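Engineer: In terms of my numbering, the sequence shown opens at residue 12 and continues consecutively. Where a beta carbon is used, it is the ideal one built from N, C-alpha and C, also for glycine. All values reported here derive from a predicted model rather than from experimental measurement. My structure is below; once you've seen it, I'll send some questions.
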Amino acid sequence: GVSIAANLVSATALGLLMVRHCFRPHLEWDRPTGKWMLGTSFPLMINLMLATIFFRIDVLLLKPMRGDTVVGYYSA
12 GVSIAANLVS ATALGLLMVR HCFRPHLEWD RPTGKWMLGT SFPLMINLML
62 ATIFFRIDVL LLKPMRGDTV VGYYSA
C-alpha cells in the first residue's frame with residue numbers, strides 16, 4: 012500500500028516537472044502498434060504469471076499442512 016502511494020507521488024511529481032520544464036506529451040493511440048505491443052507482450056505476461064505461481068506454490072502447499080508459523084519461518 013505504502014509503496015504504491017509513494018510511486019504515485021513520485022510519478023505525479025516527475026510528470027509535472029516534465030510538463031513544466033521539458034515538453035507536453037501528445038498522447039494518441041495507434042491501433043496497429045498497440046495491437047502489436049499487446050500481442051508481443053502477452054507471452055511475457057503469461058510467463059511471469061506462471062513463474063510467480065511456480066515460485067510460490069510451496070508456500071500455498073505448506074500453509075494447510077503446517078500452519079502460519081512454519082510458513083513465516085520458511086519465508087523469512
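Would DSSP call P54 helix, strand or coil?
Structural biologist: For the purposes of this step, residue 54 is identified with residue 43 of the sequence shown, where counting begins at 1. Correct three-state label for P54: helix.
Engineer: Are the Cβ atoms of Y85 and L71 separated by less than 8 Å?
Structural biologist: Position 74 of the sequence shown, counting from 1, holds the residue named residue 85. Position 60 of the sequence shown, counting from 1, holds the residue named residue 71. No; because the gap between Cβ atoms is not below 8 Å, this pair is not in contact.
Engineer: Is the CB of G50 under 8 Å away from at least one CB in chain B?
Structural biologist: Reference to chain B is not applicable here, since this structure consists of a single protein chain.
Engineer: Among the candidates N58, L49 and R35, whose CA atom is the shortest distance from the CA of D41?
Structural biologist: The residue you call residue 41 lines up with position 30 of the sequence shown. The shortest Cα separation from D41 among N58, L49 and R35 belongs to L49.
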